[in-house]
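Structure first, commentary second.
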Amino acid sequence: MTKAKNIEKLGFWERNKRSGGYLLRKKIIEIAVSICRFILLFGMCFLILQPILNKISVSFMTEQDLYNPIVTNIPEHFTTANYKMASDVMSYPKALVNSIVISFTIALLQIAVCTLVGYGFARFKFPLKNMWFACVILVILIPPQTIVSSLYLHFRFFDIFGIIKLITGEAINLRGSKLPYYLMSATAMGLKNGLYIYMIRQFFRNIPGDMEEAAYVDGCGMLRTFARIMLPQSKPILSSCFLFAFVWQWTDGFYSKMFLGTTPLVSTSLARIVDSLGAYIQRISGIKTTISVAYSNCILSTGTLMIILPLIVIYLFAQRAFVESISATGIKM
1 MTKAKNIEKL
11 GFWERNKRSG
21 GYLLRKKIIE
31 IAVSICRFIL
41 LFGMCFLILQ
51 PILNKISVSF
61 MTEQDLYNPI
71 VTNIPEHFTT
81 ANYKMASDVM
91 SYPKALVNSI
101 VISFTIALLQ
111 IAVCTLVGYG
121 FARFKFPLKN
131 MWFACVILVI
141 LIPPQTIVSS
151 LYLHFRFFDI
161 FGIIKLITGE
171 AINLRGSKLP
181 YYLMSATAMG
191 LKNGLYIYMI
201 RQFFRNIPGD
211 MEEAAYVDGC
221 GMLRTFARIM
231 LPQSKPILSS
241 CFLFAFVWQW
251 TDGFYSKMFL
261 GTTPLVSTSL
271 ARIVDSLGAY
281 IQRISGIKTT
291 ISVAYSNCIL
301 STGTLMIILP
311 LIVIYLFAQR
321 AFVESISATG
331 IKM
């Protein structure tokens with residue numbers, strides 16, 4: 001013990017000499033690993049942030065700056081008119097409210113349904129359980145574009161076992177309404193629902209079953225045990241899945257175009273912003289003009305920033321719960 005304390009009091013080079021150079025080699029390796037880790041992380045962060053920083057720079061440029069070879073990142077003529085232009089072209093206030101309402105309600109419905117399904121797969125045994133879970137995996141793997149024709153026909157001529165057609169004489173057209181969104185989410189067939197079921201199942205499988213058994217002994221039924229014991233512990237994974245559901249619904253353009261039609265949303269408004277820009281300028285100026293490619297891309301970049309800004313704000317407040325849920329989910333088959 002005394003010898004170890006005496007060695008610790010020696011300087012670095014003296015201890016390195018006594019170790020035959022091992023301490024110096026170890027220190028060099030640690031520094032080299034740290035430098036490599038820093039370079040990799042910096043490169044990854046740069047790849048992610050550089051396009052966003054470029055869009056921020058372009059969004060404050062005038063059309064004159066866009067074609068000025070001297071101007072690269074810092075605008076020479078700073079302006080915020082691009083944000084007003086993008087807001088007017090996209091009908092941003094109305095589209096923002098619609099997107100918040102639809103994304104929030106759909107995300108809540110998806111998480112409520114997927115939590116029940118995921119808990120059932122994690123804790124109960126029922127006939128053909130493995131086959132049904134394989135179907136959940138298929139929902140994750142198969143892109144929704146492969147069933148676009150079936151979805152279109154199903155909701156264009158919506159019927160329930162022929163009852164509606166028997167009573168009214170024809171099927172119901174649900175396209176152009178929000179009802180298909182909610183019907184698919186309520187049956188755990190909405191956007192990315194298979195992934196949420198899988199994540200929630202993995203989380204519940206990692207929770208020891210002793211707590212549920214203790215609750216059963218104390219007289220709690222299955223529903224009360226789920227509500228009072230399991231749900232409070234699953235807040236991290238539910239928060240994470242809610243964020244996923246909200247973000248994917250916010251940026252979804254596939255289901256939005258197929259079902260909602262002309263309902264303004266930020267995702268569909270951004271997709272049409274370049275085509276609508278010329279018509280908007282002609283309407284306010286009364287003169288038919290040709291929009292340059294650089295200015296169209298400038299307005300597109302501005303609209304993109306306006307759409308991702310709410311998501312960044314949400315993540316800043318929820319990042320702790322998001323990271324905790326991902327680390328706690330685990331992979332237990």
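So that you can map any letter, position 150 of the sequence shown is 150 in UniProt numbering, and since no number is skipped, the others follow by simple counting.
Even for Gly, the Cβ is constructed at its ideal location relative to N, Cα and C.
Note that the coordinates shown come from a computational prediction; the quantities given were computed from them, not determined experimentally.
Nearest neighbour of Lys55 by Cα position, chosen from Leu179, Ile163, Gly303, turns out to be Gly303. As DSSP reads the structure, Ile172 sits in a beta bridge with Phe158. When rounded, the separation of the alpha-carbon atoms in Lys129 and Ala186 is 20 Å. By the Cβ neighbour-count rule, Ala188 is buried, with 16 or more other Cβ atoms within 10 Å of its own. Residue range 193-205 is occupied by the alpha helix (DSSP H) that includes Tyr196.
For Val247, the uninterrupted alpha helix (DSSP H) run begins and ends at 235-251, by DSSP. Residue His77 holds the alpha-carbon nearest to the alpha-carbon of Ser59 among Phe42, Phe46, His77.
Our two residues, Leu153 and Val313, have alpha carbons roughly 38 Å apart in a direct line. Here the alpha carbons of Ser57 and Asn73 stand approximately 6 Å from one another. If you draw a straight line from the Cα of Pro208 to the Cα of Ser239, it comes to about 21 Å.
In the structure shown, the three-state DSSP call for Leu265 is coil. Contact check for Lys178 against Ile70 fails: the beta carbons are separated by 8 Å or more. Non-local beta-carbon contacts of Leu174 in its own chain, meaning distances under 7 Å to residues more than five positions away in sequence, involve Phe155, Phe158, Pro180 in chain order. Around the beta carbon of Val293, a 10 Å sphere encloses fewer than 16 other beta carbons of the protein chains shown; the residue is thus reported as exposed. Around the beta carbon of Thr115, 16 or more other beta carbons lie within 10 angstroms, which makes this residue buried. Annotated three-state conformation of Thr187 is coil, per DSSP. The beta carbons of Asn193 and Gln110 sit closer together than 8 Å.
Inter-segment contact for the segment 88-107 and the segment 247-254 is present: three or more beta-carbon pairs are separated by less than 8 Å. Annotated three-state conformation of Ser177 is coil, per DSSP.
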